[in-house]
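Trainee:
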Amino acid sequence: MNAQADKQPVIKRESKKRIRVEFDRTPLKDRLKAKFLNTYFLTRVVIWIFRLVLMVGISYIVLYPFFTKIAGSFMAPEDLVDVTVRLIPKNFSLDIYKAIIAENGYWKAFGNTFALSFICAILQTFVCCLIGYGFAKFKFKGRNLLFLLVMLTMIIPHQTLQLSMYMEFRYFDILGIVRLLKGGGIELFGWNVKEIGPGVASFFEKLNILPDVIPITEKGIEVTPQGINLLNTYTPLILLSLGGLAFKNGLYIFLLRQFFRGMPDELEESAYMDGCGPFRTFIQIILPNSIPMLITVFLFAFCWQWTDDFYTGMFFSSMNTSLLVKIVSVPPSLTTNFAGTELYNTAIRNTCGLMIIFPLVILYAFCQNFLVQGIEHSGIAN
Amino acid sequence: MTNNAVIDARPKKKRRKIASLDRRKARAGWFFVLPFVLGFLLIYIPMFIDSVVMSFQTMDAAVDGSSGYIMTFVGIENYRNALLVDPDFAQTLVTGLKQLAFDVPAILIFSLFMAVMLNQKMAGRGFFRAIFFLPVILATGIMESIAAADTLNAAMSAGIDDGSGTNTTNQIVSSMDFERLFSNMKVGTELVEYVTSAINNIYDIVNRSGVQMLIFLAALQSISPAIYESCKIDGATAWETFWKITFPMISPMILVNAVYTIIDSFTTESNQVMTYISSVYSRTGGMVVSSAMSWIYFLLVIVIVAVIAGIFSAFVFYGRKND
Chain Z
159 MNAQADKQPV
169 IKRESKKRIR
179 VEFDRTPLKD
189 RLKAKFLNTY
199 FLTRVVIWIF
209 RLVLMVGISY
219 IVLYPFFTKI
229 AGSFMAPEDL
239 VDVTVRLIPK
249 NFSLDIYKAI
259 IAENGYWKAF
269 GNTFALSFIC
279 AILQTFVCCL
289 IGYGFAKFKF
299 KGRNLLFLLV
309 MLTMIIPHQT
319 LQLSMYMEFR
329 YFDILGIVRL
339 LKGGGIELFG
349 WNVKEIGPGV
359 ASFFEKLNIL
369 PDVIPITEKG
379 IEVTPQGINL
389 LNTYTPLILL
399 SLGGLAFKNG
409 LYIFLLRQFF
419 RGMPDELEES
429 AYMDGCGPFR
439 TFIQIILPNS
449 IPMLITVFLF
459 AFCWQWTDDF
469 YTGMFFSSMN
479 TSLLVKIVSV
489 PPSLTTNFAG
499 TELYNTAIRN
509 TCGLMIIFPL
519 VILYAFCQNF
529 LVQGIEHSGI
539 AN
Chain D
42 MTNNAVIDAR
52 PKKKRRKIAS
62 LDRRKARAGW
72 FFVLPFVLGF
82 LLIYIPMFID
92 SVVMSFQTMD
102 AAVDGSSGYI
112 MTFVGIENYR
122 NALLVDPDFA
132 QTLVTGLKQL
142 AFDVPAILIF
152 SLFMAVMLNQ
162 KMAGRGFFRA
172 IFFLPVILAT
182 GIMESIAAAD
192 TLNAAMSAGI
202 DDGSGTNTTN
212 QIVSSMDFER
222 LFSNMKVGTE
232 LVEYVTSAIN
242 NIYDIVNRSG
252 VQMLIFLAAL
262 QSISPAIYES
272 CKIDGATAWE
282 TFWKITFPMI
292 SPMILVNAVY
302 TIIDSFTTES
312 NQVMTYISSV
322 YSRTGGMVVS
332 SAMSWIYFLL
342 VIVIVAVIAG
352 IFSAFVFYGR
362 KND
């Protein structure tokens, strides 16, 4: 037994030598042939090339519109009608950018949109997180029905509710409270209820964070007998976010529910054993463990709120509220009257679009790792 | 005697405690979903009911000069207007549905294919992933409407085919090429047309399959590598492995993605029917008619989603059945 064990390395060394000798004797040409001219290697090369071409091709398709937009944004009007100019401008100019920043109020709109998107995204992430966690980890009566309702809010197209949503926030009134208060001066517990109407209004005015940036209306929030006018404030979007009803929130709730389902129950059980309540467990154990997913949802919510023009178009109907989605217009100093006007206006509009999404590109560059990570570890397929 | 009483009391107490923990957890669950319940009851339900009611009414500005509106009940007239009087709506609806039947399989197949590609180990995977998910973040909302009005894009790519005489400005391949390619194979022209138009719409399809790609990718990552290993040992080819292992394992996600794609393409603003409804909304007096139209549309969506979910769920393989 022992002798055999001792012999083994000797054999190995011998065979090694033999391989080396064989290797030295075969000419380089034959060696390369053996290595590269077999079906295994060839299929791998073919697959590799095929994949690379496909990937690069689709990347090109995705990026090409951005290239043309970027190229167009640096062009002077002459370049757009010049047939010889394709993607690289002949007369390089920054006029469009300068005009948009100066005349369309870019920075003010940027500040407003940032505030709005940030508040909404934070609220939506947190609220959807709560709701998703509730659906994932607790069993209570009516859970499935409630989840069906969440899906329903996702399925109903928002255009269906457009008119009634507008009316809801134009004459905002929960359960007819305002109507009741304004309608008759009822004495309630010795308190003149008539005074409450303005009180409610000032409460909503306070909800409208950064009132300097977005002037509400000249008169402040208007309280009519039919209800409070919440248009042109952040309040409608904040209220929708608080209820988990804003844009695509059904999707976030679904994603987060799947994510929390994939988390081991033992995590919470041990926290309960140590005397944590469900809420403390949620804040101290669950949230820190789901940061990639939270960043993913935040990224979605932030970016989709940032570029959203449906809700902002509906709720911010006044002309003097400046938001990024509203700066898409031709600055007065750039209105020209020559052959290529239409193309030039398109280039200006494209540039507006580029300037709108530029902050998102930076954000995406930092967060895109989390985007895949968050969903990858979500155990979504469970 | 006292000892006995203690023994009797113990299990009773214990049982009550367990029940109360369950109840406490149920209560906590309600608290967690409370934001949605409140939002749904206080904001969504009134909106929902209003919308239904408004679709049976007409709306006129109040005569006394205040900013209010007068609503009058007119029964199903709006629905009649939408379906019978309006010349374009029914037609738009049909073309919209046709478009959907075209889009959903294309998006599903493409996103599954790309997810499988991106799941393989290769150089620059992170880079390509970042590019493919770019449209999810950037090509939404306002960018969609800017892109729709983008004549510059067409102008810049025009002229490439100037010599050929055909006006294939935006088309990557013309159907002629494909017909030539497929002419020797015995494939129906419908399929050729489908593939050609899918390739010509590839930008649209790539744009809209980001979320689906993410979901498929997540599903692919959650398949245990041990299964693939044992397949390899048994001598299965990559093709067999895909159909026998990968496909059944991700079939629940195919269902989810199918439903998501349908909903997404129904509710996106670039959808023909949606565009049409919005254009009706901005007409004078068109608000209520557009409400009625979107309710008709929504009912169609629900029926289609239900039918497709029903059909698909018969073929879905659930590896382990937990709750």
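Those protein sequence lines, which keep their order, are chains Z and D. Residues in the first sequence are numbered from 159 upward in steps of one, following this note's numbering. Residues in the second sequence are numbered from 42 upward in steps of one, following this note's numbering. Here a beta-carbon is modelled for each residue, glycine too, at the ideal position from N, C-alpha and C. A quick note: this is a predicted structure, and the numbers were derived from the prediction, not measured.
1. Of all Cβ atoms in chain D, is any one closer than 9 Å to the Cβ of residue 298 (chain Z)?
2. With distance defined between alpha-carbon atoms, name the residue in D:250, D:322, D:334 and D:92 nearest to residue 172 (chain D).
3. From the beta carbon of residue 248 (chain Z), is the nearest beta carbon of chain D less than 9 Å away?
4. Ends of the alpha helix (DSSP H) at residue 414 (chain Z)?
5. Tell whether a beta-carbon distance below 9 Å holds between residue 301 (chain D) and residue 240 (chain D).
6. Is the CB-CB distance between residue 412 (chain Z) and residue 486 (chain Z) below 9 Å?
7. Considering just the uninterrupted stretch of the alpha helix (DSSP H) at residue 231 (chain Z), what are its terminal residues?
8. Taking residue 68 (chain D) as the reference, which of Z:480, Z:295 and Z:512 has the closest Cα?
9. Between the alpha carbons of residue 205 (chain D) and residue 467 (chain Z), how many angstroms are there, rounded?
10. So residue 315 (chain D) and residue 322 (chain D) are supposed to be a Cβ contact under 8 Å. How far apart are they, rounded?
11. Are the C-beta of residue 488 (chain Z) and some C-beta of chain D separated by less than 9 Å?
12. Would you kindly work out how many angstroms separate the C-alpha atoms of residue 458 (chain Z) and residue 178 (chain D), rounded to a whole number?
13. Just to confirm the assignment: which complete alpha helix (DSSP H) runs, minimum length 4, are found wholly within the segment 245 to 299 of chain Z?
14. Going by the beta-carbon positions, is the gap between residue 322 (chain Z) and residue 89 (chain D) smaller than 9 Å?
15. Would you please verify whether the beta carbon of residue 376 (chain Z) is less than 9 Å from any beta carbon of chain D?
16. So, is residue 213 (chain Z) buried or exposed, given that buried needs 16 or more other C-beta atoms within 10 angstroms?
17. From residue 284 (chain Z) to residue 245 (chain D), what does the alpha carbon distance come to, in whole angstroms?
18. Quick check on residue 504 (chain Z) - is its C-beta less than 9 Å from some C-beta in chain D?
19. Measure the C-alpha to C-alpha separation of residue 372 (chain Z) and residue 480 (chain Z) and round it to an integer number of angstroms.
20. Give the residues of chain D in contact with residue 483 (chain Z), contact being defined as C-beta atoms less than 8 Å apart.
21. Using three-state DSSP, classify residue 370 (chain Z) as helix, strand or coil.
22. Our contact map puts residue 342 (chain D) next to residue 304 (chain Z) with C-beta atoms below 8 Å; I'd like the distance itself, whole angstroms only.
23. Quick one: Cα of residue 114 (chain D) to Cα of residue 91 (chain D), how far?
24. Enumerate, from N- to C-terminal direction, the unbroken alpha helix (DSSP H) stretches of 4 or more residues contained entirely within the segment 318 to 360 of chain D.
25. Consider the Cβ of residue 139 (chain D): report whether some Cβ of chain Z lies at a distance smaller than 9 Å.
26. Can you give me the Cβ contacts of residue 563 (chain Z) inside the same chain, cut-off strictly under 7 Å, excluding the 5 residues immediately before and after it?
27. Answer yes or no: does any C-beta atom of chain Z fall closer than 9 Å to that of residue 65 (chain D)?
28. Contact defined as beta carbons within less than 8 Å: I believe residue 82 (chain D) pairs with residue 253 (chain D). What is the distance between those atoms, to the nearest angstrom?
29. Which runs of the alpha helix (DSSP H), 4 residues or longer, sit entirely within the segment 248 to 286 of chain D?
30. Please report the distance separating the alpha-carbon of residue 211 (chain Z) from that of residue 205 (chain Z).
31. Residue 312 (chain D) by DSSP, collapsed to three states: which one?
32. Are residue 294 (chain D) and residue 259 (chain D) touching if we call contact CB-CB under 9 Å?
33. Could you tell me how far apart the beta carbons of residue 145 (chain D) and residue 318 (chain D) are, in whole angstroms, since I believe they sit closer than 8 Å?
34. What are the boundary residues of the alpha helix (DSSP H) that residue 461 (chain Z) is part of?
35. By the three-class DSSP mapping on this structure, what secondary structure does residue 314 (chain Z) have?
Mentor: Looking at the coordinates:
1. yes
2. D:250
3. no
4. 407 to 419
5. no
6. no
7. 197 to 231
8. Z:295
9. Confidence at residue 205 (chain D) is low in this model, with a pLDDT of 38, below 50, so the placement of that residue is unreliable and no value is reported for it.
10. The pair is not a contact, with the Cβ atoms about 10 Å apart (cut-off 8 Å).
11. no
12. 7 Å
13. 253 to 261 and 264 to 295
14. yes
15. Here the model assigns residue 376 (chain Z) a pLDDT of 42, short of 50, so the residue's position is not dependable, and the following value carries that caveat. It does not; no Cβ of chain D falls within 9 Å.
16. buried
17. 32 Å
18. yes
19. Any reading at residue 372 (chain Z) needs caution, since the residue's pLDDT is 42, under 50, leaving its predicted position unreliable; the model's value is listed next. Each residue's Cα considered, the two are about 7 Å apart.
20. 182 and 183
21. Confidence is the limiting factor: at residue 370 (chain Z) the pLDDT is only 41, short of 50, which leaves the residue's position unreliable and the question unanswerable from this model.
22. 21 Å between Cβ atoms; not a contact.
23. 13 Å
24. 327 to 356
25. no
26. Shown here, chain Z extends from 159 to 540; a query on residue 563 (chain Z) therefore has no answer.
27. yes
28. Not really, about 32 Å apart at Cβ, beyond 8 Å.
29. 251 to 262, 266 to 274 and 279 to 282
30. 10 Å
31. coil
32. yes
33. Rounded, the Cβ-Cβ distance is 20 Å, inconsistent with contact.
34. 449 to 465
35. coil
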